[in-house]
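Q: Below is the structure I would like to discuss, written out as structure tokens.
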Amino acid sequence: MKAATHTVGALAAGSAAVYLNWAPQAVEQDVFQAAVFIGSLMFGGLLPDICQPNSWMGRRLKATSYIVFKLVGHRTLTHSLVGTAIVFILTGLIPGLTGTVMQTGITAGVISHILLDMLTPKGVHLFFPVRYNVRFPFGKLTGSKPGEFLIFMLLSFFFINGIWRLIA
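Heads up, the sequence shown is in the UniProt record's numbering, so the first residue is 1 and it goes up one at a time.
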């Protein structure tokens, strides 16, 4: 999937988290915390592709991306439950309310990224270190540009609808 699709997916996940009261209430009450949450969602939505040197994130963090790719490969640790738990634990070390907002945003973004990559024909190694590809049975939809565009548009709708419900 492309970076734009992962970004919109993360924002849609953030809308859902706020709507379902999974995000800290400060996100709805404080403009600064809302901005931190949105930035964290976008970062988390792109973070799992740190394992791919040619990805948007990989091109910006070249050395880190190369090391992660050589150590674990693509769509393994960074696209797994173990990787998600590591991100959750590490972001939990950030102190204060802003840290909690960042932890929620980054983790929601990572989860949305993994779910979206499970829509691809290849899937992900969700249970890494067990090397078994997990994907949704209808995952062949996203193997084409029209399929990814459809996913992008649906996620955009969910994001905009979620924001609209929060404002109204």
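Glycine residues also receive a C-beta, built at the ideal position from the N, C-alpha and C atoms.
When the distance is taken between beta carbons, is G44 closer than 9 angstroms to I89?
A: Taking 9 angstroms as the Cβ cut-off, I89 and G44 do not qualify as a contacting pair.
Q: Just to confirm the assignment: which complete beta strand (DSSP E) runs, minimum length 3, are found wholly within the segment 75-140?
A: Whole beta strand (DSSP E) segments, 3+ residues: zero.
Q: From M1, M42 and Q29, pick the residue whose C-alpha is nearest to that of Q103; which is it?
A: Nearest C-alpha to Q103: M42.
Q: What whole-angstrom Cβ distance do L93 and P24 have, given they're in contact under 8 angstroms?
A: Going by Cβ atoms, the distance from L93 to P24 rounds to 17 angstroms, so no, they are not a contact pair.
Q: Which residues in the same chain have their Cβ closer than 6 angstroms to the Cβ of H7, if we skip the five residues on either side of it in sequence?
A: The question names His, yet the displayed sequence has Thr at residue 7. Taken in chain order, the residues that qualify are M42 and G45.
Q: Would you kindly work out how many angstroms separate the C-alpha atoms of R75 and V87, rounded to a whole number?
A: Approximately 15 angstroms between the Cα atoms of the pair.
Q: Work out the CA separation of K122 and V130 for me, nearest whole Å.
A: Going from the Cα of V130 to the Cα of K122 covers about 15 angstroms.
Q: Give me the residue from F32, G109, Y132 and V134 with the minimum Cα distance to A16.
A: Minimum Cα distance to A16 is reached at G109.
Q: Contact defined as beta carbons within less than 8 angstroms: I believe P53 pairs with S40. What is the distance between those atoms, to the nearest angstrom?
A: The pair is not a contact, with the Cβ atoms about 24 angstroms apart (cut-off 8 angstroms).
Q: Here's the rule: buried if 16 or more other CB atoms are within 10 angstroms of the residue's CB, otherwise exposed. What is A4?
A: Looking at its Cβ environment, which holds fewer than 16 other Cβ atoms inside 10 Å, A4 is exposed.
Q: According to DSSP, is P146 part of a helix, a strand, or is it coil?
A: It is helical.
Q: How long is the line joining the alpha carbons of W56 and F138, rounded to whole angstroms?
A: Cα to Cα, W56 sits roughly 26 angstroms from F138.
Q: Restricting to Cα atoms, I'd like to know which of M1, T91 and A12 is closest to F157.
A: For the residues M1, T91 and A12, the minimum Cα distance to F157 belongs to A12.
Q: Is the CB-CB distance between V134 and M118 below 9 angstroms?
A: Yes, the Cβ-Cβ distance between V134 and M118 is below 9 angstroms.
Q: Helix or strand or just coil, what does DSSP make of W56?
A: Reduced to three states, the DSSP call for W56 is helix.
Q: Does the Cβ of L150 have 16 or more other Cβ atoms within 10 Å, making it buried, or fewer, making it exposed?
A: Per the 10 Å Cβ criterion, exposed.
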